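Participant:
Numbering (this note's numbering), first residue to last: 1 to 897.
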């Protein structure tokens with residue numbers, strides 16, 4: 001009897017996530033209930049590592065399915081046109097259907113559709129019609145393939161490697177105008193989910209499960225009975241060093257204790273290797289993490305710090321960079337021990353001041369020039385030594401060179417100094433399918449722009465004025481070589497790990513910089529010291545013999561002390577020969593899916609992990625309701641907290657006025673959250689409008705609000721939006737009068753309301769440096785803060801229905817974003833009848849005399865009345881239109897019969 005498998009069971013029998021996606025038909029993808037009742041709930045405890053990793057697979061598959069389904073309903077987001085497509089040399093029917101594709105460079109602009117540049121990890125639809133809707137895809141299903149971009153664009157021939165779900169019968173050339181058109185339509189990027197899949201399958205070199213094994217079961221409570229952990233008697237010397245270091249960071253006691261608790265586990269090997277730092281809103285979590293990393297840097301403990309998003313990573317790096325720079329005694333020397341890596345476009349690294357000093361791509365570009373055999377540091381160093389040792393000999397060589405005019409060709413330059421170029425060119429010619437392959441010179445010009453730059457530097461070095469006297473020659477050469485030396489020395493001091501440039505050697509480098517500056521001003525008595533110091537550096541500094549971008553990138557990652565990236569990007573650290581990471585810090589850990597945290601937790605050599613977050617704020621976003629109900633968005637931080645792991649709480653908040661913090665402290669943090677001195681000062685009592693209604697904390701009751709659903713099934717309340725627009729208009733007038741700085745955040749849980757408010761307040765968005773308005777959803781505001789926050793709750797009905805507004809985590813985020821003033825706008829009756837946390841919000845405001853009816857402000861009440869009148873008129877006209885539409889449809893139907 002043939003076994004019958006569910007859709008999920010069929011998926012779980014396939015080898016990779018891409019194989020699973022390729023197995024789905026268009027009907028499967030569009031079926032929202034394909035895996036309904038087939039995704040089991042992820043448990044809180046596990047009996048083995050296999051049990052642990054296997055529990056995440058069904059939810060991961062469903063979440064991928066949900067994202068893909070959503071993208072198809074919204075096609076086309078972005079597309080490009082294909083020029084040629086041919087079978088790849090790696091093609092292996094029936095499973096490895098690899099094709100090499102080139103794309104047309106088109107200037108065609110399509111309204112509402114973005115220009116698409118394929119990236120590795122993109123899942124695309126490959127069709128012979130540019131689809132405008134799902135129905136188009138259904139119509140062309142026979143010619144609709146799913147493709148996966150598995151290679152970056154080749155710089156030589158612009159080819160992109162694509163893996164297809166179905167075989168194309170012939171090579172395709174679409175360069176003629178009469179040829180059939182083919183399109184690539186962007187759907188989703190699979191990179192993160194594939195990395196998670198591979199991590200759960202332990203498909204990473206040298207991965208280990210040591211930390212994961214420790215967190216399968218409830219907390220052992222061994223820490224509570226550990227004399228070594230809490231007595232302080234047998235702590236290592238590094239512990240006292242840490243205490244001294246953190247004293248200089250101006251931290252409060254809870255921040256200091258949290259950092260020190262993470263260094264206790266260095267001594268107690270029997271202890272749980274994971275620590276939880278609980279960081280409620282405004283408690284200086286980022287500062288605490290950065291201070292801890294600074295201590296780890298000084299103790300030379302190789303550490304990876306990761307977070308769910310680029311924004312979160314950059315926040316930590318910015319604070320760490322600032323602390324490190326302030327501590328440096330010699331310019332930027334020491335920053336080479338810190339490496340930030342990731343996608344530069346997505347990180348928008350250029351918008352962060354000075355972070356290029358620690359960003360991997362920038363570092364690689366700078367070190368490429370310094371490591372160049374013919375034009376880099378070593379060449380410049382040796383040239384200066386020769387010039388100082390025997391100027392007469394150098395002058396004679398100059399005269400000979402001028403007479404002979406010999407300059408190495410680009411081909412000779414590349415062929416003699418860059419082995420990776422020779423190897424790449426050999427591979428290119430071996431697999432080249434053209435009758436006339438590129439010459440080596442053409443190959444270099446096409447693919448290696450940095451070698452062209454270095455060759456230009458080499459030619460500049462050979463350009464010497466004819467007929468110079470010896471004095472003129474020496475002056476010109478000294479200035480030219482000295483200029484290069486200064487540039488390279490600054491590069492090495494900034495970007496080399498200190499294990500390659502100890503402080504003793506670095507001080508000699510700084511002395512050379514001083515001597516070069518002096519000698520440029522005719523201080524010839526210092527020539528001997530300069531020569532002696534340069535000879536010392538020549539013998540001491542041993543640069544690695546790598547001249548490729550990949551080689552230098554690996555060198556930087558292998559030798560850095562602190563590494564920072566997103567959680568999924570740390571797969572770079574699983575490459576062969578990579579140095580072990582001992583310490584892991586996960587920031588915003590409560591927003592990271594537990595299955596994604598499994599990537600960094602498997603790093604080879606990992607002994608300790610610190611999770612920093614707050615499970616009472618929003619968790620990771622999950623698209624699928626099925627996966628969400630299964631607990632796919634739950635973090636490791638949240639699970640361990642519920643299992644009894646001790647959380648070291650940061651309990652002093654520096655953001656909110658006390659009248660704002662009182663409710664979240666009581667409701668969400670068991671009254672353990674206290675106000676810092678700075679928020680209790682008189683200067684924190686800022687007002688942006690006059691009147692009691694617009695104090696530090698207010699609930700403004702709009703009982704006449706009207707909630708309505710838009711075409712995306714999201715809710716809006718135009719009455720609340722009109723009232724908020726009126727309030728913003730007044731604040732803007734007040735700003736024009738006083739010029740007092742104000743940043744305003746307007747938050748709503750519903751996208752339709754966010755859009756409605758954005759449209760109404762854009763007239764007040766003046767171009768002024770001290771006045772800003774930011775309108776976003778609650779989810780979009782997590783981690784943010786503004787001077788004034790206005791919350792639009794939207795819901796207004798007799799039944800007390802508030803939907804996902806009742807989510808406690810979302811409520812906590814919304815009401816903890818403000819510094820000086822928080823004004824909540826909503827229908828009090830609806831919220832009280834909801835029997836949710838919002839009932840407590842309203843009742844608290846009433847008890848504290850912070851509750852106000854909108855009609856207390858006569859002008860605001862008139863705006864609300866006008867908005868109600870407009871709403872009723874619009875509602876009547878829409879009802880009449882809908883009746884007419886129904887009648888017309890009925891008549892048409894009868895006629896057709």
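Cβ coordinates follow ideal geometry from the N, Cα and C atoms, glycine included.
Only a predicted model underlies this, so the values are computations on that prediction, with no experimental measurement involved.
Quick check on the burial criterion: 16 or more other C-beta atoms within 10 angstroms. Buried or exposed for residue 709?
Facilitator: Exposed, by the Cβ-count rule.
Participant: What's the gap between the Cα of residue 28 and the Cα of residue 59?
Facilitator: For residue 28 and residue 59, the distance between alpha carbons rounds to 16 Å.
Participant: State whether the region 790-805 contacts the region 630-639, with contact taken as three or more CB pairs (one from each stretch) at a distance under 8 Å.
Facilitator: Cβ pair count under 8 Å is below three, so no.
Participant: Is residue 771 helix, strand or coil when you go by DSSP?
Facilitator: Residue state, collapsed to three classes: strand.
Participant: Apart from the five residues just before and just after residue 816, which ones in its own chain have a Cβ nearer than 6 Å to its Cβ?
Facilitator: Once the five neighbours on either side are set aside, the close Cβ partners of residue 816 are 281, 664.
Participant: State the DSSP-derived secondary structure class of residue 576, mapped to helix, strand or coil.
Facilitator: Note: residue 576 maps to coil in three-state DSSP.
Participant: Compute the Euclidean distance between the alpha carbons of residue 214 and residue 507, then round it to the nearest angstrom.
Facilitator: Spanning the two alpha carbons is a distance of roughly 45 Å.
Participant: Helix, strand or coil: how does DSSP classify residue 233 here?
Facilitator: Model confidence at residue 233 stands at a pLDDT of 40, short of 50, so the residue's coordinates are unreliable; what they give is reported in the following sentence. Coil at residue 233, not helix or strand.
Participant: Is residue 253 closer than 8 Å to residue 610 when the C-beta atoms are compared?
Facilitator: No, they are not a contact pair.
Participant: So what's residue 470 in DSSP terms, helix, strand or just coil?
Facilitator: Three-state DSSP puts residue 470 in a helix.
Participant: Can you tell me the Cβ-Cβ gap for residue 688 and residue 852, rounded? I've got them flagged as a contact below 8 Å.
Facilitator: That pair is no contact at about 16 Å.
Participant: Can you give the Cα-Cα distance for residue 373 and residue 305, rounded to whole angstroms?
Facilitator: If I take the Cα positions, the gap works out to 34 Å.
Participant: Which runs of the beta strand (DSSP E) at least 3 residues long sit entirely within the region 696-720? Give them in chain order.
Facilitator: Listed in chain order, they are 697-701, 707-709, 715-717.
Participant: Quick one: grab the DSSP three-state call for residue 225.
Facilitator: At residue 225 the pLDDT is 49, less than 50, meaning the model places this residue with poor confidence and gives no usable figure here.
Participant: Out of 862, 827, 296, which has the shortest C-alpha to C-alpha gap to residue 703?
Facilitator: Among 862, 827, 296, the Cα nearest to that of residue 703 is on 827.
Participant: On the criterion of 16 or more Cβ atoms from any shown chain inside 10 Å, does residue 716 qualify as buried, or is it exposed?
Facilitator: Answer is buried; the Cβ neighbour count reaches 16.
Participant: Taking contact to mean 3 or more Cβ pairs, one atom from each stretch, closer than 8 Å, check whether the region 579-587 and the region 596-615 are in contact.
Facilitator: At 8 Å Cβ cutoff, the stretches touch.
Participant: Just how far apart, CA to CA, sit residue 725 and residue 820?
Facilitator: For residue 725 and residue 820, the distance between alpha carbons rounds to 20 Å.
Participant: By the DSSP assignment, the beta strand (DSSP E) with residue 100 in it spans what residues?
Facilitator: First-last of the beta strand (DSSP E) with residue 100: 98-103.
Participant: Where does residue 147 land, buried or exposed, given buried means 16+ other C-beta within 10 angstroms?
Facilitator: Flag for residue 147 reads buried.
Participant: Among 652, 628, 690, which has the Cα closest to the Cα of residue 678?
Facilitator: Measuring from the Cα of residue 678, the nearest candidate turns out to be 652.
Participant: Checking 8 Å against the spacing of the C-beta atoms, do residue 497 and residue 560 come in under that value?
Facilitator: Yes; because the gap between Cβ atoms is below 8 Å, this pair is in contact.
Participant: In the DSSP assignment, the beta strand (DSSP E) including residue 792 goes from what residue to what residue?
Facilitator: First-last of the beta strand (DSSP E) with residue 792: 786-792.
Participant: Do you know offhand how far residue 427's Cα is from residue 578's?
Facilitator: C-alpha separation (whole angstroms): 26 Å.
Participant: Report yes or no: do the region 416-425 and the region 441-460 share at least 3 C-beta pairs separated by less than 8 Å?
Facilitator: Touching, yes, given that three or more Cβ pairs across the two stretches are closer than 8 Å.
Participant: Do you know whose CA, among 736, 680, 159, 368, lies nearest residue 770's CA?
Facilitator: Checking every option, the nearest Cα to that of residue 770 belongs to 736.
Participant: Please state whether DSSP places residue 342 in a helix, a strand or coil.
Facilitator: In this structure, residue 342 counts as coil in the three-state DSSP scheme.
Participant: How is residue 442 classed by DSSP in three states: helix, strand or coil?
Facilitator: Residue 442 falls in the helix class under three-state DSSP.
Participant: Which ranges would you report for the beta strand (DSSP E) in the region 528-605 if only whole runs of at least 3 residues count?
Facilitator: The qualifying runs are 562-566, 583-586.
Participant: What are the partner residues of residue 852, as DSSP defines its beta bridges?
Facilitator: Bridge partners of residue 852: 700.
Participant: Should residue 532 be labelled buried (16 or more other beta-carbon atoms within 10 Å of its own) or exposed?
Facilitator: So residue 532 counts as exposed.
Participant: Tell me which same chain residues have a C-beta within less than 6 Å of the C-beta of residue 897, skipping the five on either side of it?
Facilitator: For residue 897, the pLDDT reaches just 29, beneath the cut-off of 50, and the residue's location in the model is therefore unreliable, although a value from the coordinates is still provided. Excluding sequence neighbours, residue 897 sits near nothing in its chain.
Participant: Could you check where the beta strand (DSSP E) with residue 278 kicks off and where it finishes?
Facilitator: Residue 278 -> beta strand (DSSP E) spans 274-278.
Participant: Identify, in the order they occur along the chain, each residue of the same chain with its Cβ nearer than 8 Å to the Cβ of residue 603, setting aside the five sequence neighbours on each side.
Facilitator: Here the set comprises 207, 208, 304, 570, 573, 574, 580, 581, 584.
Participant: Touch check for the region 658-673 and the region 73-83: three-plus C-beta pairs under 8 Å?
Facilitator: Because the criterion of three Cβ pairs below 8 Å is not met, the region 658-673 and the region 73-83 do not touch.
Participant: In angstroms with no decimal places, state the Cα-to-Cα distance between residue 240 and residue 258.
Facilitator: Using only the alpha carbons, I get a separation of about 15 Å.
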